[in-house]
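The next block holds one structure in the form of structure tokens; read it before the comments.
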Amino acid sequence: MKKIVLATDFSNGSDKALEIAINIAKKNISEITLLHCYSPTYTDPNIPADLMIDVEQKRQEELEGKLTNLARSVQEKGVVTKYNLKMSTVAESINEMAENGEADFAILGKTGDTGFLEKLIGSTAENVINKVKIPLLVVPEKIESTSIEHLFYATQLEYDETGLLGQVFDFADHIKANVELLNINTDRQLDLVSDQEIIAELNEKFPNRVIEVSQLRANKVEKTILDHVTSIPNSALAIASHHRDLFESLLNPSMSKKIIAKTEVITLVYHFE
325 MKKIVLATDF SNGSDKALEI AINIAKKNIS EITLLHCYSP TYTDPNIPAD LMIDVEQKRQ
385 EELEGKLTNL ARSVQEKGVV TKYNLKMSTV AESINEMAEN GEADFAILGK TGDTGFLEKL
445 IGSTAENVIN KVKIPLLVVP EKIESTSIEH LFYATQLEYD ETGLLGQVFD FADHIKANVE
505 LLNINTDRQL DLVSDQEIIA ELNEKFPNRV IEVSQLRANK VEKTILDHVT SIPNSALAIA
565 SHHRDLFESL LNPSMSKKII AKTEVITLVY HFE
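Quick note, the working numbering runs 324 ahead of the 1-based positions in the sequence shown.
The structure is reproduced here in structure tokens:
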């Protein structure tokens, strides 16, 4: 987690995300790249080409000026900072930076129904997220605290998730947070593997850690998870993108009663093949 990319649209939601990015960067001696993506200007065939080129150039200069000022303000806080202005989608840009070794962790703000996150995930959430190979930290605009002291990892306790859990532990160590597994049992859930068997395997794989597990029974999985996380101050939620239903309902506010937009939970998303 040495190369953090912060996707910004210069909104209040991005400001909270930037604050968290700075905190993480300082703790890990990381560098931050400020990323802003934009779409091409609509071209009216009745407008002369030279005028359109001039408009586009002025737009780029304005955006670059904003990024320059923002990068300068971050550097003044003691963090090595660069910026990247791209005429592209956020997802494509993050992918490209990750592939080029320019980013290993992404942070972005979430402002609501039409916020920046929707530019990331587009209309097919799982398709885009499955292409993003680095962890994503989604920061809602209205969070009360930018400090993360508790990290809850939502798990079904059905699969081998030791690789992902190892990443969660590493992230928690970097930010000095404790990790707790959060498992919601429902009447519809198939218990193919004993929960105790999975927990025993985790204790064996991580002998130097105390595996904390909270198990709750409820039929409204997403609401129960978010209510539990928000009940404890300075908490964040970690999930894997292969938890398709949970992932989509948590991160896409058009689904599951727009839970994230109402509850303001910082969410860490890990890609999982």
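Even glycine gets a Cβ: it sits at the ideal position worked out from N, Cα and C.
- A contact is defined here as three or more CB-CB pairs under 8 angstroms, and the stretch 553-560 fails this definition with respect to the stretch 507-526.
- For the pair leucine 460 and alanine 430, the CB atoms are nearer than the 8 angstroms cut-off.
- Look at the stretch 343-431 and you find these whole runs of beta strand (DSSP E), each 3 residues long or longer: 355-361, 405-410.
- From the listed residues Glu426, Thr413, Glu588, the smallest Cα separation to histidine 552 is found for Glu588.
- Beyond the five residues adjoining it in sequence on each side, asparagine 408 comes within less than 6 angstroms, by CB distance, of Thr357, Leu359 in the same chain, given in chain order.
- Contact between the stretch 327-337 and the stretch 419-434 is present: 3 or more CB-CB pairs across the two stretches fall below 8 angstroms.
- Cβ atoms of threonine 510 and valine 545 come within 8 angstroms of each other, at about 6 angstroms.
- DSSP places threonine 548 inside the alpha helix (DSSP H), whose first and last residues are 545-554.
- Among the bridge pairs identified by DSSP, valine 593 is matched with Leu460, Ile563.
- Between glutamate 536 and leucine 505, the C-beta spacing is below 8 angstroms.
- The shortest CA-to-CA distance from glutamate 473 to any of Arg512, Val414, Phe493, Glu423 is the one to Phe493.
- Contact annotation: leucine 561 and alanine 496 have beta-carbon atoms that are not nearer than 8 angstroms.
- Under DSSP, serine 538 forms a beta bridge with Leu506.
- Bounds of any alpha helix (DSSP H) do not take in valine 517, whose DSSP letter is neither H nor E.
- Of the candidates Gly487, Ile549, Ile508, the residue whose Cα lies closest to the Cα of phenylalanine 530 is Gly487.
- Here methionine 411 is exposed: its Cβ has fewer than 16 other Cβ atoms, across all protein chains shown, within 10 Å.
- With a 10 Å radius around the Cβ and a threshold of 16 neighbouring Cβ atoms, alanine 564 comes out buried.
- A residue is called buried when at least 16 other Cβ atoms come within 10 angstroms of its Cβ; glycine 337 meets this threshold and is buried.
- As a beta-bridge residue in DSSP terms, isoleucine 328 pairs with Ile356, Phe429.
- Under the three-state reduction of DSSP, lysine 500 is assigned to coil, being neither helix nor strand.
- In this chain, leucine 481 is not harboured by any beta strand (DSSP E), its DSSP state being neither H nor E.
- With respect to histidine 498, asparagine 352 sits close: the two C-beta atoms are nearer than 8 angstroms.
- CA-to-CA, the gap between valine 379 and aspartate 339 works out to about 28 angstroms.
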